[in-house]
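Q: The following block contains the structure, expressed as C-alpha cells.
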Amino acid sequence: MLQNLDSKKGWAKRRPFVDPLVLDSMCEIQRRQKADGTSLGAFRPGEVLDLTIDQDAETWEPSKQAIADQPSLFFADKAGLEKIPYRVRYRYTCSEPTCPGHHQTIIDWELAQSFRNWREKYETAVLLEKIRERWLGEMCRPDKETLFFVGSQHLHPAAFLILGVFWPPSPKS
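Mapping to the numbering used here: the sequence shown position 172 is 1063, numbers consecutive.
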C-alpha cells in the first residue's frame, strides 16, 4: 500500500527510511568506492561553503540526448527531459578533519524543475538568485539537518554527483 510520506513533525515519516543509510562523510564514501565499488551514499556535509552556478551548454550532446529521449514501456506519452543551461554545484567540506573539500554537481530533478517553473516568472538573474537562495540559503541553513544523496557515474565510478538533498529541521532547533 502506498502512503504519503509528508514532511510534518520534523519529517518524522521520512527519517526511518533515510537515517539507516547515512554514512559519516563523502570522504568515507570515496574510500568505500575504491575498496568495494560503492556507488551510492548519503551523508551530512560538515560545512556547506558555497553554491556555484555556471553557464552550461543549452543542449545535451547527441548520445546523452538519445538516452533522455528513450521511450518508456510504462508511460507511452512520457515527456522528454529538458536540459537546463546551467551547472549547479555545492562546494563543501566533510566532517572529517583531513577533508580536502568537495565541489560536486547537483543533478536533482527538483532543481531542474524549479528552473523550468521559475523561468516563466523571473528574469535570469533573479531566477538564479532564487535557486541559490533555495539550495543554499534554505536547504543548508544552520537550523536544518542537511543530508546529501550522492551517486557515482557508470563510466567514471570515482566521480560522484549530488542526486538530491534531504533537509529536515534539526532536532535542536
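For glycine and all other residues, C-beta sits at the position ideal for the given N, C-alpha and C.
(1) Closer than 7 Å by C-beta to cysteine 918: which residues in its own chain qualify, once you throw out the five before and the five after it? Chain order, please.
(2) Three-state secondary structure (DSSP) at glycine 1042?
(3) Hey, out of Lys1012, Gln894, Ser954, Tyr977, whose CA is closest to alanine 1003's CA?
(4) With a floor of 4 residues, list each alpha helix (DSSP H) that falls wholly inside the segment 937 to 962, ordered by position along the chain.
(5) Terminal residues of the continuous alpha helix (DSSP H) containing alanine 1100?
(6) For valine 1041, collect the residues of the same chain with a Cβ closer than 8 Å to its Cβ; drop the 5 residues on either side in sequence, then sort them by chain order.
(7) Return the bridge partner residues of valine 909 from the DSSP annotation.
(8) So leucine 1054 is in the alpha helix (DSSP H); what residue range does that whole segment cover?
(9) By the three-class DSSP mapping on this structure, what secondary structure does glutamine 894 have?
(10) The beta strand (DSSP E) spanning leucine 931 covers which residue range?
(11) Can you tell me which residues form a DSSP beta bridge with leucine 914?
(12) Helix, strand or coil, according to DSSP, for isoleucine 997 in the structure here?
(13) Which first and last residues belong to the beta strand (DSSP E) in which threonine 984 is found?
A: On the basis of the data shown:
(1) Here the question's residue 918 lines up with position 27 in the sequence shown. The residues Cys985, Glu987, Cys990, in chain order, have a CB closer than 7 Å to that of cysteine 918 in the same chain once the five nearest residues on each side in sequence are set aside.
(2) Counting from one through the sequence shown, the residue named residue 1042 turns up at place 151. Looking at glycine 1042 - three-state DSSP - the assignment turns out to be strand.
(3) The residue given as residue 1003 occupies position 112 in the sequence shown. Comparing Cα positions, the closest option is Tyr977.
(4) Correct list: 953 to 959.
(5) Nothing in the structure corresponds to residue 1100, since the chain is present only between 892 and 1064.
(6) Here residue 1041 corresponds to residue number 150 of the sequence shown, with the count starting at 1. Cβ within range, chain order: Met917, Ile920, Leu931, Gly932, Ala933, Phe934, Gln995, Phe1051, Leu1052, Ile1053, Leu1054.
(7) Taking the sequence shown and counting its residues from 1, the one referred to as residue 909 is at position 18. According to DSSP, which records beta bridges pairwise, valine 909 is partnered with nothing at all.
(8) By one-based count along the sequence shown, residue 1054 stands at place 163. Not the alpha helix (DSSP H): leucine 1054 falls in the beta strand (DSSP E), residues 1051 to 1057.
(9) Working through the sequence shown from its first residue, we reach residue 894 at position 3. Reduced to three states, the DSSP call for glutamine 894 is coil.
(10) Looking up residue 931 in the sequence shown gives position 40. From DSSP, the beta strand (DSSP E) with leucine 931 extends over 931 to 934.
(11) For the purposes of this step, residue 914 is taken as residue 23 along the sequence shown, with counting starting at 1. Per DSSP, the beta-bridge partners of leucine 914 are Phe934.
(12) If you number the sequence shown from 1, residue 997 lands on position 106. Correct three-state label for isoleucine 997: strand.
(13) Along the sequence shown, one-based indexing puts residue 984 at 93. DSSP places threonine 984 inside the beta strand (DSSP E), whose first and last residues are 977 to 984.
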